[in-house]
Amino acid sequence: MSAKIELFSPGALGTCWYGKYHYLEPWAGCGHSCPYCYARSRAVVSNSLSGLKTSFDKPVPLLPEKELLSEISRQANSGEINVLKLCRYTDIFTPEFTDNGLTFKILEILAASKVKRVIITTKGLPDRKTMELLKARKERFSYNAAARPSATVTGSPLAKFDACLKPLEARLKAAAELSAAGVQTTIHMDPFVAGLDDDDKALGAFLDKLHALKLNRVMFSYLLFSKGIMGTMRAAVPQAALDKIMADYDFSAAHTVLPGNEDSVSQSLRNEVIRASVEKTAGELDRRGFEFVLCSLKSVRGLDATKYKRNMICDGKFYA
Ligand code: SF4
Numbered sequence: 008m009s010a011k012i013e014l015f016s017p018g019a020l021g022t023c024w025y026g027k028y029h030y031l032e033p034w035a036g037c038g039h040s041c042p043y044c045y046a047r048s049r050a051v052v053s054n055s056l057s058g059l060k061t062s063f064d065k066p067v068p069l070l071p072e073k074e075l076l077s078e079i080s081r082q083a084n085s086g087e088i089n090v091l092k093l094c095r096y097t098d099i100f101t102p103e104f105t106d107n108g109l110t111f112k113i114l115e116i117l118a119a120s121k122v123k124r125v126i127i128t129t130k131g132l133p134d135r136k137t138m139e140l141l142k143a144r145k146e147r148f149s150y151n152a153a154a155r156p157s158a159t160v161t162g163s164p165l166a167k168f169d170a171c172l173k174p175l176e177a178r179l180k181a182a183a184e185l186s187a188a189g190v191q192t193t194i195h196m197d198p199f200v201a202g203l204d205d206d207d208k209a210l211g212a213f214l215d216k217l218h219a220l221k222l223n224r225v226m227f228s229y230l231l232f233s234k235g236i237m238g239t240m241r242a243a244v245p246q247a248a249l250d251k252i253m254a255d256y257d258f259s260a261a262h263t264v265l266p267g268n269e270d271s272v273s274q275s276l277r278n279e280v281i282r283a284s285v286e287k288t289a290g291e292l293d294r295r296g297f298e299f300v301l302c303s304l305k306s307v308r309g310l311d312a313t314k315y316k317r318n319m320i321c322d323g324k325f326y327a
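Under the numbering used here, the residue at position 13 of the sequence shown is numbered 20, and the numbers go up by one with no gaps.
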């Protein structure tokens with residue numbers, strides 16, 4: 008039988024904090040439909056989508072709602088799950104289930120469960136009821152909003168990256184409200200595109216915005232290319248811009264990250280490109296007093312990380 012998405016699964020090899028946390032995947036698919044999303048091309052995701060007779064952009068819960076909620080409650084109260092990440096192959100605030108209340112019901116169960124820490128990473132926007140729940144249980148949740156500097160630039164070639172997302176301003180405002188209420192909140196500049204997201208104007212304006220909102224924790228993580236995202240990337244990014252972005256990547260075996268299954272093999276930036284981009288971005292973050300890390304899954308050969316005030320390579324604890 009072909010493997011399918013599991014409701015709860017331990018962190019996998021090739022992802023951060025291997026062995027230290029679990030993932031929850033309440034549904035297959037994601038309404039945000041990001042063109043760079045690797046989940047769409049993973050075999051477990053497509054097997055689940057076919058089983059549920061749907062497509063990636065029309066997410067469907069893995070089980071009927073009553074069963075889904077009772078299974079989440081059972082496993083979250085088993086005592087075997089301490090740190091839970093939401094999610095690997097979808098977004099807990101995908102609009103369908105934020106709007107119909109299913110996301111709230113899941114988070115309410117987790118807030119009252121034996122799970123000690125719930126780490127949300129999202130490109131979505133929580134509704135008011137959920138915002139109040141997260142604030143009321145601030146010791147339980149870590150909130151991570153993914154947003155990119157080039158999203159602030161009018162006419163950016165990456166404009167379609169955000170086509171299905173709620174407006175950036177609203178998402179950052181929600182993050183700021185949670186942060187002010189004491190929920191540990193981190194902005195994930197992800198996927199960070201060298202040459203566009205580290206552009207002086209875009210990065211400067213974005214960091215100013217974060218600073219004004221008192222959002223002072225940042226993680227950044229570079230875009231990876233894999234075979235599975237090529238179709239959606241070609242459809243979303245104008246050809247000339249895509250060619251320019253791809254010219255910065257090394258498609259040789261030496262720059263393969265997340266090796267393993269055919270569907271997870273990805274390619275990273277050329278050494279000199281990522282080194283220059285990291286140095287520029289980390290320099291700006293450092294200068295402006297941000298707490299920050301670079302995702303450690305993306306190796307940067309020859310980077311001198313000692314010149315920054317803080318350990319800038321993520322050790323898996325920064326946004327836990
Ligand atoms: S929000 Fe995340 S899971 Fe959803 S489409 Fe975008 S990258 Fe994929």
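For every residue, glycine included, the Cβ atom is placed at its ideal position computed from N, Cα and C.
Residue of the options minimising C-alpha distance to residue i
i	options	result
L91	L132, G290, G108 and F15	F15
A152	I127, K251, E291 and G189	I127
F258	V244, K234 and K173	K234
G211	P17, L172, R155 and A254	R155
S12	A50, G38 and L175	Correcting the residue identity first, residue 12 is Ile in this sequence and not Ser. The option with the nearest alpha carbon to I12 is A50.
C94	K121, L70 and G18	G18
E176	L132, M226 and P33	L132
S228	V122, S273, S157 and P198	P198
Helix, strand or coil at residue i according to DSSP, with G and I counted as helix
i	result
P17	strand
N278	helix
N54	helix
K180	helix
L109	helix
F299	strand
T161	coil
H39	coil
T101	coil
N127	Per the sequence shown, the amino acid found at residue 127 is Ile instead of Asn. I127: strand per DSSP, three-state reduction.
K221	coil
P68	strand
A187	helix
V285	helix
L203	coil
A10	coil
F212	Correcting the residue type first, residue 212 is Ala in the shown sequence and not Phe. It is helical.
T137	helix
L132	coil
H119	Reading the sequence as shown, one finds Ala at residue 119 and not His. It is coil, neither helix nor strand.
K92	strand
S259	coil
P198	strand
A153	strand
Straight-line Cα distance separating residue j from residue i
i	j	result
F111	I99	9 angstroms
N278	K27	30 angstroms
A143	A289	33 angstroms
K208	S284	14 angstroms
L203	A119	42 angstroms
E78	K167	36 angstroms
R241	L276	18 angstroms
T97	T61	14 angstroms
G58	A10	11 angstroms
E139	F148	12 angstroms
C246	K130	The identity of residue 246 in the sequence shown is Gln, whereas the question assumes Cys. Spanning the two alpha carbons is a distance of roughly 25 angstroms.
Y326	L31	17 angstroms
H29	G108	23 angstroms
R135	A254	43 angstroms
E184	G162	29 angstroms
G296	F213	14 angstroms
A248	S40	20 angstroms
L76	I113	7 angstroms
Buried versus exposed, by CB contacts within 10 Å (16 or more), residue i
i	result
E74	exposed
K180	exposed
T137	buried
S85	exposed
A46	buried
D205	buried
H218	exposed
D169	buried
### Task
Could you pull out every unbroken alpha helix (DSSP H) segment of at least 4 residues lying fully inside the stretch 226-255, listed in chain order?
237-243 and 246-254
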